[in-house]
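Chains as they are written, first to last, in full-length UniProt numbering: chain A, 1 to 200; chain B, 1 to 200. Even for Gly, the Cβ is constructed at its ideal location relative to N, Cα and C. Encoded as structure tokens, the structure appears first; notes follow it.
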């Protein structure tokens, strides 16, 4: 599954661009930062993270699409979040605090990622104030996404949940299978079809 | 509502202690950091944040207890989170990105807080790598709390939601009015009474 990073120098531009949206780094600094990441390719349906397992990495998506989900005590699947190109995803409680994963993350299509261990993340944050700044800002954003997911779950109207979904994941609306969108919204496929229709 | 910080030097120890759990700072540095906060006292039922309003501050609780809640489109109240002594709380989307608040935060009892504006937070993070580290780590923790709140909302069993609540807020279980706990868990007061009973 692991591939040589050199193959993917082009793709590393996606990470460099994201870093440079927040901080000023030279090419030499970026190459040093990048050397702390590893590259992985996953096929559709493969797992980045499986419930109950140790979580080594945070994943930066270069391509593809994944979903994180939780299986409740009666075996029902609940989708927490999706991630697409240039999003970060992992089970953060397990990643930060060396616990086993509570959620699963699997691929909705073939997916390429850059992996960053928590050890390397802390090392880079110690070495570069700017990298610490970058990760603080990204974590702020994730906080907002999580708060919005909570607000979406608490909304009593399917229409409002659908509108929040379109706002959070504009590029996913047409791309994802309808049954996955329905599971994320907690509605039936019939209800979802009505929401997709115009003038609703 | 605003009081002189000098009155509360004793209380500022709570903040210093929290900072020192993460970073090494001298007393002089702490005093400088503290000078960027203001002190406020709120009475029970007063609001730290009201839906639709501009959000200036993040709040560090010195004493008391607050709840953040969301009112859905049919007027039903949903409790997102509580905060107690040494917790931070605000509407982070509004705070970070200069938007109007989507949630309300009000006091379940008389509450004293230290307020930090986003401008001062960014200033301190620029000036001290260590303060940036502190806020990254605290934001990581908030992420985990939010993820756990999502998992709690997705749990189909009231018992499991109750157990997560006890785990997240051990000191609140006996302190909060039962109807507030029931609203947080999304159960009736009767169901809650059964959950409180032993051997359940």
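Measure from the C-beta of residue 61 of chain B to each C-beta in chain A and report whether the shortest distance is under 9 Å.
The count along the second chain starts at 1 and reaches residue 61 of chain B at position 61. Not an interface residue.
Practice item. Round the Cβ separation of residue 54 of chain A and residue 66 of chain A to the nearest angstrom and send it over; I've been treating them as touching at under 8 Å. Key: Taking the first chain and counting its residues from 1, the one referred to as residue 54 of chain A is at position 54. Taking the first chain and counting its residues from 1, the one referred to as residue 66 of chain A is at position 66. Not quite, the Cβ-Cβ distance comes to about 18 Å (not below 8 Å), so this is no contact.
Span separating the alpha-carbon of residue 37 of chain A from that of residue 57 of chain A: Locating residue 37 of chain A in the first chain gives position 37, where the first residue counts as 1. Locating residue 57 of chain A in the first chain gives position 57, where the first residue counts as 1. If I take the Cα positions, the gap works out to 10 Å.
Q. Can you give the beta carbon distance from residue 139 of chain A to residue 139 of chain B, rounded, assuming they're within the 8 Å contact cut?
A. In the first chain, the residue the question calls residue 139 of chain A occupies position 139. In the second chain, the residue the question calls residue 139 of chain B occupies position 139. Residue 139 of chain A to residue 139 of chain B, Cβ: 4 Å. Contact.
* Asked: residue 22 of chain A by DSSP, collapsed to three states: which one?
  -> Position 22 of the first chain holds residue 22 of chain A. Note: residue 22 of chain A maps to coil in three-state DSSP.
Exercise for the section: Pick out the complete alpha helix (DSSP H) segments inside the UniProt domain "Cyclic nucleotide-binding" (40 to 127) of chain B, 4 residues or longer, and give them in chain order. Expected result: 92 to 97, 118 to 127
**Message:** Please confirm whether residue 108 of chain A has its beta-carbon closer than 9 Å to some beta-carbon of chain B.
**Reply:** As a working note, residue 108 of chain A is residue 108 in the first chain. Cβ-Cβ to chain B under 9 Å: no for residue 108 of chain A.
Within a Cβ cutoff of 6 Å, which residues of the same chain sit near residue 164 of chain A, ignoring the five residues on either side of it in sequence? As a first step, residue 164 of chain A must be located in the first chain, where it is residue number 164. Excluding sequence neighbours, residue 164 of chain A sits near 152.
Expressed to the nearest angstrom, what Euclidean distance is found between the alpha-carbon atoms of residue 132 of chain A and residue 33 of chain A?
Position 132 of the first chain holds residue 132 of chain A. Position 33 of the first chain holds residue 33 of chain A. Distance between the alpha carbons of residue 132 of chain A and residue 33 of chain A is about 12 Å.
- Quick one: which residues of the segment 127 to 143 of chain A get their C-beta closer than 7 Å to a C-beta of chain B? List them in chain order. 129, 132, 133, 135, 136, 139, 140, 142, 143
Practice problem: Thinking residue 113 of chain A and residue 61 of chain A are a contact (beta carbons under 8 Å), I'd like their distance in whole angstroms, please. | Solution: Against the first chain, residue 113 of chain A aligns to sequence position 113. Against the first chain, residue 61 of chain A aligns to sequence position 61. With a Cβ gap of about 6 Å, residue 113 of chain A and residue 61 of chain A count as contacting.
Worksheet item: Smallest Cα separation from residue 159 of chain A: which of A:99, A:190, A:15, A:97?
Response: Taking the first residue of the first chain as position 1, residue 159 of chain A is located at position 159. If we check each option's Cα against that of residue 159 of chain A, A:190 comes out closest.
_Is it buried or exposed, residue 77 of chain A, if we count other Cβ atoms within 10 angstroms and call 16 or more buried?_
In the first chain, the residue the question calls residue 77 of chain A occupies position 77. So residue 77 of chain A counts as exposed.
Members of the segment 91 to 117 of chain A near chain B, C-beta cut-off 7 Å
92, 93, 96, 102
message = With a threshold of 7 Å on Cβ separation, who are the neighbours of residue 69 of chain B within its own chain once the five nearest residues in sequence on each side are excluded?
response = Here residue 69 of chain B refers to the residue found at position 69 of the second chain. Cβ neighbours of residue 69 of chain B beyond the five flanking positions: 77, 78, 79, 80, 103, 104.
Q) CB-CB under 7 Å to residue 187 of chain B, same chain, minus the five flanking residues each way: which ones, in chain order? A) By one-based count along the second chain, residue 187 of chain B stands at place 187. Closer than 7 Å at Cβ, skipping near neighbours: 158.
For chain B, is any of its Cβ atoms less than 9 Å away from the one on residue 18 of chain A? For this step, residue 18 of chain A is matched to residue 18 along the first chain. Output row for residue 18 of chain A: interface = no.
* Can the beta-carbon of residue 181 of chain A be found less than 9 Å from the beta-carbon of residue 93 of chain B? -> Sequence index remark: in the first chain, residue 181 of chain A carries index 181 (1-based). Sequence index remark: in the second chain, residue 93 of chain B carries index 93 (1-based). Contact flag unset, no.
Under a three-way DSSP split, which group does residue 184 of chain A fall into?
-> Counted from its first residue, the first chain places residue 184 of chain A at position 184. The answer is helix: DSSP assigns residue 184 of chain A an H, G or I state.
Should residue 126 of chain A be labelled buried (16 or more other beta-carbon atoms within 10 Å of its own) or exposed? Start at 1 with the first residue of the first chain, and residue 126 of chain A comes out as number 126. Label assigned to residue 126 of chain A: exposed.
Using beta carbons (cut-off 9 Å, strictly below), is residue 78 of chain A in contact with chain B?
Reading the first chain from its first residue, position 78 is the one you call residue 78 of chain A. With 9 Å as the cut-off, residue 78 of chain A counts as an interface residue toward chain B.
Looking at residue 111 of chain B and the ligand SAM, is the gap between the Cβ and the nearest heavy atom below 8 Å?
-> For the structure depicted, the ligand SAM is absent and the ligand set is empty, with no information on it obtainable.
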